[in-house]
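So the protein sequences, as listed, match chains V and E.
According to this note's numbering, the stretch in the first sequence is residues 17 to 431, in order.
According to this note's numbering, the stretch in the second sequence is residues 17 to 431, in order.
The C-beta atom is built at its ideal place from N, Cα and C for all residues, glycine as well.
Here is the structure we will look at, set down as structure tokens.
There are 2 protein chains.
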Amino acid sequence: MLPLMSYFNWASPHQIVKNLNKHTVVDLIRFTPGGISRVELAERMDLSRAAMTTIVNDLIDGKVIREAESRNSQTGRPPINLEINPSRGFVAGIDMGASHLSLLLANFGAQVIDEVEIPFTVADGPETGIAQANKLLVELLKKNSLDPGQMSAIGIGVPGPIESEAGVVFAPPIMPGWNNYPIQASLETTWNMPVSLNNDSELGAIGEWAYGAGRGENFLAYIKVGTGIGSGLLLNGQIYRGATGSAGEIGHLTIEENGPLCECGNAGCLEALAGGRAIARQAQDAIRKGQRTLLSSLGPIEEITARDVASAARRGDLVSQQIISRAGNYLGIALAGLVNLFNPRTIVIGGGVAQVGDLFLQPIRDAVARRSLQASARTVKINTAILRRRSSAMGAVVQALSIALHQIAERKEVR
Amino acid sequence: MLPLMSYFNWASPHQIVKNLNKHTVVDLIRFTPGGISRVELAERMDLSRAAMTTIVNDLIDGKVIREAESRNSQTGRPPINLEINPSRGFVAGIDMGASHLSLLLANFGAQVIDEVEIPFTVADGPETGIAQANKLLVELLKKNSLDPGQMSAIGIGVPGPIESEAGVVFAPPIMPGWNNYPIQASLETTWNMPVSLNNDSELGAIGEWAYGAGRGENFLAYIKVGTGIGSGLLLNGQIYRGATGSAGEIGHLTIEENGPLCECGNAGCLEALAGGRAIARQAQDAIRKGQRTLLSSLGPIEEITARDVASAARRGDLVSQQIISRAGNYLGIALAGLVNLFNPRTIVIGGGVAQVGDLFLQPIRDAVARRSLQASARTVKINTAILRRRSSAMGAVVQALSIALHQIAERKEVR
DNA sequence: AAAATATTGTTAGATTTCTTGACAAACAGA
DNA sequence: TCTGTTTGTCAAGAAATCTAACAATATTTT
Numbered sequence: 017m018l019p020l021m022s023y024f025n026w027a028s029p030h031q032i033v034k035n036l037n038k039h040t041v042v043d044l045i046r047f048t049p050g051g052i053s054r055v056e057l058a059e060r061m062d063l064s065r066a067a068m069t070t071i072v073n074d075l076i077d078g079k080v081i082r083e084a085e086s087r088n089s090q091t092g093r094p095p096i097n098l099e100i101n102p103s104r105g106f107v108a109g110i111d112m113g114a115s116h117l118s119l120l121l122a123n124f125g126a127q128v129i130d131e132v133e134i135p136f137t138v139a140d141g142p143e144t145g146i147a148q149a150n151k152l153l154v155e156l157l158k159k160n161s162l163d164p165g166q167m168s169a170i171g172i173g174v175p176g177p178i179e180s181e182a183g184v185v186f187a188p189p190i191m192p193g194w195n196n197y198p199i200q201a202s203l204e205t206t207w208n209m210p211v212s213l214n215n216d217s218e219l220g221a222i223g224e225w226a227y228g229a230g231r232g233e234n235f236l237a238y239i240k241v242g243t244g245i246g247s248g249l250l251l252n253g254q255i256y257r258g259a260t261g262s263a264g265e266i267g268h269l270t271i272e273e274n275g276p277l278c279e280c281g282n283a284g285c286l287e288a289l290a291g292g293r294a295i296a297r298q299a300q301d302a303i304r305k306g307q308r309t310l311l312s313s314l315g316p317i318e319e320i321t322a323r324d325v326a327s328a329a330r331r332g333d334l335v336s337q338q339i340i341s342r343a344g345n346y347l348g349i350a351l352a353g354l355v356n357l358f359n360p361r362t363i364v365i366g367g368g369v370a371q372v373g374d375l376f377l378q379p380i381r382d383a384v385a386r387r388s389l390q391a392s393a394r395t396v397k398i399n400t401a402i403l404r405r406r407s408s409a410m411g412a413v414v415q416a417l418s419i420a421l422h423q424i425a426e427r428k429e430v431r
Numbered sequence: 017m018l019p020l021m022s023y024f025n026w027a028s029p030h031q032i033v034k035n036l037n038k039h040t041v042v043d044l045i046r047f048t049p050g051g052i053s054r055v056e057l058a059e060r061m062d063l064s065r066a067a068m069t070t071i072v073n074d075l076i077d078g079k080v081i082r083e084a085e086s087r088n089s090q091t092g093r094p095p096i097n098l099e100i101n102p103s104r105g106f107v108a109g110i111d112m113g114a115s116h117l118s119l120l121l122a123n124f125g126a127q128v129i130d131e132v133e134i135p136f137t138v139a140d141g142p143e144t145g146i147a148q149a150n151k152l153l154v155e156l157l158k159k160n161s162l163d164p165g166q167m168s169a170i171g172i173g174v175p176g177p178i179e180s181e182a183g184v185v186f187a188p189p190i191m192p193g194w195n196n197y198p199i200q201a202s203l204e205t206t207w208n209m210p211v212s213l214n215n216d217s218e219l220g221a222i223g224e225w226a227y228g229a230g231r232g233e234n235f236l237a238y239i240k241v242g243t244g245i246g247s248g249l250l251l252n253g254q255i256y257r258g259a260t261g262s263a264g265e266i267g268h269l270t271i272e273e274n275g276p277l278c279e280c281g282n283a284g285c286l287e288a289l290a291g292g293r294a295i296a297r298q299a300q301d302a303i304r305k306g307q308r309t310l311l312s313s314l315g316p317i318e319e320i321t322a323r324d325v326a327s328a329a330r331r332g333d334l335v336s337q338q339i340i341s342r343a344g345n346y347l348g349i350a351l352a353g354l355v356n357l358f359n360p361r362t363i364v365i366g367g368g369v370a371q372v373g374d375l376f377l378q379p380i381r382d383a384v385a386r387r388s389l390q391a392s393a394r395t396v397k398i399n400t401a402i403l404r405r406r407s408s409a410m411g412a413v414v415q416a417l418s419i420a421l422h423q424i425a426e427r428k429e430v431r
């Protein structure tokens with residue numbers, strides 16, 4: 017069957033970008049677990065083996081990819097696996113959160129060389145924030161005796177909606193002062209290399225898709241439970257942003273019509289019931305009411321965070337467990353809606369609270385099973401992020417590599 | 017910017033189907049309002065004018081398209097509009113509902129030649145249902161002095177989830193007995209031509225996208241309010257079916273946790289609150305309670321339908337208007353969730369109840385504005401289906417034409 | 001150890017599809 | 001009638017892929 021109107025929406029595909037098949041080969045090599053050979057590539061892409069030889073040897077000449085070990089086969093000449101040439105260069109992945117800034121340094125094979133994370137206040141504004149990120153990257157490079165010239169691209173994720181053409185964030189609720197600030201352009205000027213600016217939840221989805229709990233799943237939702245609650249959607253294998261770039265706002269689904277007020281102005285949003293701030297507040301209330309909990313011993317009540325609650329829950333604190341479990345139930349109610357509408361194959365739960373594991377996951381799974389249609393609920397898998405705190409930063413690395421690799425693959429000569 | 021992982025997911029594009037550019041040209045001609053010329057095609061597809069001449073003349077030779085009138089231009093040689101050759105053949109579009117069966121006969125220019133609609137009971141099972149459809153089509157052809165040999169393809173929509181490879185419906189709640197029945201194969205054998213089987217809500221989205229209220233909108237949700245409530249989603253310009261084909265099940269979002277029981281087994285589903293059956297039941301209850309309403313004069317209480325309520329509401333009946341408005345509010349609550357998650361540009365409301373107009377639309381718009389994030393709510397347009405009862409059947413015609421046109425475009429010679 | 005078999009990867013020439021750049025065609029206005 | 005402008009066509013050449021034969025490298029069989 018023909019996919020509907022696909023012709024209409026694709027620009028002439030050999031023109032979307034030149035050498036489309038070359039790019040396809042690069043990405044198949046990047047993301048096929050266990051490696052892939054020339055003949056397998058040819059079969060997968062429906063090209064002749066001869067054509068594949070030309071394409072692959074071209075990429076090898078450009079030092080984008082290289083031959084790896086031959087796999088042992090049952091019979092016949094063993095296939096030669098192809099892999100990205102890891103020593104072709106480096107990229108950086110930056111994950112900017114509301115209260116943390118983390119940074120990965122990776123080679124072209126997407127292997128993490130080094131990483132660093134610092135406390136951070138995104139509300140301090142763009143100049144301060146970007147300066148901090150720059151400084152951190154300079155230090156990390158120096159520590160690894162690397163020259164900025166050896167880097168090829170930077171990926172960065174921020175907790176707000178992106179205007180991707182312009183390279184800015186657009187009316188971000190939790191990034192005051194950043195509206196329309198030229199984040200991408202600023203980094204590109206400073207570092208003199210291409211920069212990919214993305215939403216942090218989208219990057220989480222990409223990271224977990226590429227190397228995590230949703231590896232290769234083409235219908236994937238990544239839920240980031242942090243200060244706020246956001247999601248990154250991978251539909252038909254592509255990031256889905258919606259008509260104006262604000263798709264996936266699961267945090268502002270109304271769950272309880274008369275629930276607590278949310279920063280967005282509505283009442284009873286998921287975020288106001290199960291987000292990091294809500295979890296912290298519930299814990300503080302519990303202490304004030306005099307409930308017996310490990311949390312009371314942590315110092316000033318106002319400074320108790322969702323992370324404290326999560327870690328207390330893991331150590332067996334009943335009050336904390338109850339708070340986490342209730343948050344899980346709320347999230348599950350929202351996810352039931354998402355499951356009915358999107359019918360994803362996999363949902364990956366990331367962010368600090370998710371690391372608690374089954375204490376959080378089980379109420380989610382229960383609520384989804386109870387409140388969504390069997391057809392979709394039966395097939396959906398709900399799991400914790402494998403890359404843990406690194407999901408988004410890893411997604412940023414993937415995006416940086418996408419730019420770097422495809423830019424190099426365009427060129428004929430070795431630079 | 018490069019679209020993420022697009023390379024990975026596309027098979028080698030020139031292989032998705034041969035002569036991709038030829039097909040793109042056909043669809044651009046089909047769906048560009050106001051017509052399109054060779055040069056405009058070349059620009060839109062990023063091809064040279066010379067290449068476009070070859071492609072277009074090839075299609076003209078194959079009698080797939082033809083030259084239309086020249087448009088008047090400001091200056092220079094006026095462009096020659098291209099159009100699908102309407103007299104190249106005919107197609108049929110079938111819309112099978114729970115309680116009606118309708119049929120459109122259209123030429124290759126998608127102009128409706130004739131149509132017919134009969135009452136129908138899908139629950140009578142596939143043999144009966146398909147026999148009825150066949151008979152109806154035979155009669156319609158005879159009435160228009162057409163030979164089956166002049167038809168090129170059939171599109172059919174049914175109210176259940178589709179396994180599109182297999183051409184069957186899969187566990188359809190309101191099509192008892194149809195599970196896995198080879199609908200597509202049966203029609204293909206009987207008529208000896210290709211058949212496209214689709215979900216009726218999807219077809220509604222396609223119909224309204226092509227010739228209706230969502231013309232050309234690439235982020236479109238079509239909501240069908242009939243006996244049940246379903247939706248068809250067009251995301252990034254492509255029909256979205258989800259991982260297992262059951263995406264868009266908006267009718268089974270939980271709206272009131274302790275609401276009325278739904279056929280799906282859960283409680284408080286949208287469908288149980290605002291679907292056709294729910295509307296009829298509320299009207300019946302109102303009469304039994306002795307409320308003053310035009311509906312009381314319509315004969316046996318049990319036979320009052322949602323359509324009766326809708327038409328009474330249009331004529332000013334307050335009780336009916338209240339019921340419709342309440343249903344609109346419930347639908348709006350569900351749509352607020354859809355807007356937050358999908359961020360569509362347009363929502364088209366179809367089905368019988370929607371024809372009431374603002375009485376139904378306004379509470380929907382209010383609820384969406386109240387309960388979804390500003391970023392998405394501000395930009396979404398919510399309108400009634402322009403094609404009215406024909407949305408789905410027209411979508412079936414579009415699908416049939418897709419098969420027919422692209423099949424012919426493949427061939428070199430005129431058949 | 002040699003031969004048979006199977007599978008991967010390469011080579012050379014033909015084919016298809018697109019590009020470039022020149023040119024013909026069709027209209028408006030001076 | 002001439003000029004300017006835009007559409008559409010033609011011919012030669014370039015790029016990418018195909019076909020079909022062949023070389024390379026392993027296992028299995030004789």
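Open item on the list: Against chain V, does Leu389 (chain E) count as a neighbour if the rule is that its beta carbon must be under 8 Å from one of theirs?
Closed with: yes
Open item on the list: In this structure, how does DSSP classify Met10 (chain V) when only helix, strand and coil are distinguished?
Closed with: The structure shown does not extend to residue 10 (chain V), since chain V is modelled only from 17 to 431, so the question has no answer here.
Task: For Asn234 (chain V): DSSP bridge partner residues - done: In DSSP, Asn234 (chain V) forms no bridge with anything.
TODO: For the region 353 to 365 of chain E, enumerate the residues whose C-beta is nearer than 7 Å to any C-beta of chain V, in chain order.
DONE: Gly353, Leu354, Asn356, Leu357, Phe358, Asn359, Pro360 and Arg361
TODO: Step through the CB atoms of chain E and report whether any lies within less than 8 Å of the CB of Asp333 (chain V).
DONE: no
TODO: With 8 Å as the threshold, decide whether the Cβ of Ile266 (chain E) is near any Cβ in chain V.
DONE: yes
- [ ] Using beta-carbon positions only, say whether Leu445 (chain E) and Leu152 (chain E) come within less than 8 Å of one another.
- [x] Residue coverage of chain E in this structure runs from 17 to 431, which leaves residue 445 (chain E) outside it and unanswerable.
- [ ] Could you tell me which chain V residues have their CB closer than 9 Å to the CB of Pro177 (chain E), listed as they occur along the chain?
- [x] Ala391
TODO: Output the distance between the C-alpha atoms of His116 (chain E) and Ser212 (chain E), rounded to the nearest integer angstrom.
DONE: 19 Å
Open item on the list: Rounded to the nearest angstrom, what separates Glu233 (chain E) and Ile222 (chain E) at their Cα positions?
Closed with: 10 Å
Task: Chain-ordered neighbours of Ser262 (chain E) on chain V, where CB pairs are closer than 7 Å - done: Asn359, Leu389, Ala391 and Ser392
Task: Nearest candidate by alpha-carbon position, reference Ile76 (chain V), set V:Arg87, V:Met61, V:Asn97 and V:Gln90 - done: V:Asn97
Open item on the list: Any heavy atom of the ligand SAH inside 7 Å of the beta-carbon of Ile303 (chain E)?
Closed with: By its list of ligands, the structure shown contains no ligand whatsoever, and the ligand SAH lies outside what it can speak to.
- [ ] Determine the chain V residues that contact Thr270 (chain E) at a beta-carbon separation under 8 Å, and present them in chain order.
- [x] Ile349, Ala352, Gly353 and Arg387
Open item on the list: With a threshold of 8 Å between beta carbons, is Gly258 (chain E) in contact with chain V?
Closed with: yes
Open item on the list: So, with DSSP's three-state summary, where would you put Ser312 (chain E)?
Closed with: helix
Task: Whole-angstrom distance between Ala139 (chain E) and Ile146 (chain E), CA atom to CA atom - done: 12 Å
Task: Ile271 (chain E) versus Pro188 (chain E): straight-line alpha-carbon distance, rounded - done: 22 Å
TODO: Tell me whether the beta-carbon of Leu375 (chain E) lies closer than 8 Å to the beta-carbon of Gln337 (chain E).
DONE: yes
Open item on the list: Please classify Val446 (chain V) as buried or exposed, where buried requires at least 16 neighbouring CB atoms within 10 angstroms.
Closed with: Given that chain V is displayed from residue 17 to residue 431, the structure contains no residue 446 (chain V) and the question cannot be resolved.
Open item on the list: Going by DSSP in three states, Lys158 (chain V) sits in which element: helix, strand or coil?
Closed with: helix
Open item on the list: From the DSSP secondary-structure annotation, give me the bridge partner or partners of Phe136 (chain E).
Closed with: Phe136 (chain E) is not bridged to any residue.
Task: Partner residues on chain E for Ala187 (chain V), Cβ-Cβ distance less than 7 Å - done: Ala391
- [ ] At 3 residues or longer, and completely inside the region 58 to 90 of chain E: list those beta strand (DSSP E) runs for me, N to C.
- [x] 81 to 86
- [ ] Would you decide whether Glu319 (chain E) is buried or exposed? Buried here means 16 or more other CB atoms lie within 10 Å of its CB.
- [x] exposed
Open item on the list: Using only the alpha-carbon positions, how far apart do Ala182 (chain E) and Asn195 (chain E) sit?
Closed with: 12 Å
Task: Burial state of Ala27 (chain E) (16 or more Cβ within 10 Å) - done: Its pLDDT being 39, under 50, Ala27 (chain E) is placed unreliably by the model, and nothing is read from it.
Open item on the list: Counting only Cβ pairs nearer than 7 Å, list the residues of chain V close to Thr395 (chain E).
Closed with: Ala259 and Thr260
Open item on the list: Between the alpha carbons of Trp225 (chain E) and Arg231 (chain E), how many angstroms are there, rounded?
Closed with: 4 Å
Task: With 16 other Cβ atoms within 10 Å as the buried cut-off, status of Val372 (chain E) - done: buried
TODO: Would you mind sorting Gln415 (chain E) into buried or exposed? The rule is 16 or more other CB atoms within 10 Å of its CB.
DONE: buried
Task: Under 9 Å (Cβ pairs) to chain V, residues found in the region 240 to 258 of chain E - done: Ser247, Leu249, Leu250, Leu251, Asn252, Gly253, Gln254, Ile255, Tyr256, Arg257 and Gly258
Task: 8 Å Cβ cutoff, Phe106 (chain E) in contact with chain V - done: no
- [ ] Measuring only between beta-carbons, confirm whether Ala401 (chain V) sits less than 8 Å from chain E.
- [x] no
Open item on the list: Using the three-state DSSP reduction, which class does Tyr23 (chain E) fall into: helix, strand or coil?
Closed with: Residue placement at Tyr23 (chain E) cannot be trusted, given a pLDDT of 48 that sits under 50; what the coordinates show is reported in the next sentence. DSSP places Tyr23 (chain E) in helix when its eight states are reduced to three.
Task: Of the listed residues V:Met191, V:Ala296, V:Ala169 and V:Ser388, nearest to Pro210 (chain V) (C-alpha basis) - done: V:Ala169
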